[in-house]
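Residue numbers (UniProt numbering): 1 to 298.
Written as structure tokens, this is what we have:
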């Protein structure tokens, strides 16, 4: 089986449609379809089947995608070995990061890599962890976050490493009755008006846990994924909010620790399996781990 056709198959598994694969690989849709048909002949088994007006992978196709990952990873390792013989880790590494994680870690990661020969191309992607497999179609590394009680996203096509735990606190306006406190229980928050993020993100997971503990459905006035906007509204006394501890930047907010509940988000680095065998990617992963260790120790 031709390696390039295996790459086309993997792109289809990542992107879901012939048109999306064609755009990603700068091919025509008919050329993509032809490559997949040839690959099916090489495999001797159907790889695609109708799914309404589209097509999807058969069970055999899904199994071959896992093997394609292994073959392409082996090719990457061969390139990495040649880079080793050339004497250093060099190259461009594409990194997707959730915005607050980027704000916290990038100022430490980029200086650490300044003289490494590795170029980091970072982009902010504010998507829930369930979207990580799709993001890995376009990025070498994805920094994601999840509630510490949520299951991890590792699987046959995704490798993950947890690098940091960040507690989740409650923020209130300086004029709020709780503003003089240092901690608060979930029961004391049952009647509050909340400013939260969209569903599927760690902060919302914690809020739902509080609702389970108190038996009271939270009254959510706004759902906004920009913590700066949430802080501004909280400071203006439009509600209270849950925020990751190191994301709080507004100088006038009162920050209260949650008592009686473990609430935190985990920072997780995701890659394709075997991606860390490439020196450039391994160098960037280590820079993120070192930055996380520094922050946690402060």
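All residues carry an ideal CB built from backbone N, CA and C; glycine is no exception. Quick caveat, the model's predicted, so the values are computed rather than measured.
From what residue to what residue does the alpha helix (DSSP H) around residue 101 run? Per DSSP, residue 101 belongs to the alpha helix (DSSP H) from 99-112.
How is the alpha helix (DSSP H) around residue 222 delimited, first residue to last? No alpha helix (DSSP H) holds residue 222; the beta strand (DSSP E) holding it covers 219-223.
Identify which residue in 138, 168 and 95 has its Cα closest to the Cα of residue 204. Across the set 138, 168 and 95, the C-alpha of 168 shows the shortest separation from the C-alpha of residue 204.
Looking at the secondary structure, which residues open and close the beta strand (DSSP E) in which residue 244 lies? Per DSSP, residue 244 belongs to the beta strand (DSSP E) from 240-244.
Am I right that residue 100 and residue 244 are in contact with their C-beta atoms under 8 Å? What's the rounded C-beta distance? Yes, they are in contact, since the Cβ atoms of residue 100 and residue 244 sit about 6 Å apart, within 8 Å.
Same chain, Cβ closer than 6 Å to residue 159, five either side skipped, listed in chain order: Excluding residues within five positions, the ones whose Cβ falls inside 6 Å are 271 and 273.
With DSSP run on the structure shown, which of helix, strand or coil describes residue 189? Of the three classes helix, strand and coil, the one that applies to residue 189 here is helix, per DSSP.
Looking at residue 171 and residue 267, is the spacing between their C-beta atoms short of 8 Å? No.
DSSP three-state call for residue 164: helix, strand or coil? DSSP places residue 164 in the strand class (E or B) of the three-state scheme.
Length of the line joining the Cα atoms of residue 148 and residue 140: Going by C-alpha positions, residue 148 is about 24 Å away from residue 140.
Check whether the stretch 183-197 and the stretch 208-225 touch, using three or more Cβ-Cβ pairs below 8 Å as the test. Counting Cβ pairs under 8 Å, three or more are found: they touch.
DSSP state of residue 58, grouped into three classes? In the three-state reduction of the DSSP assignment, residue 58 falls in the coil class, being assigned neither a helical nor a strand state.
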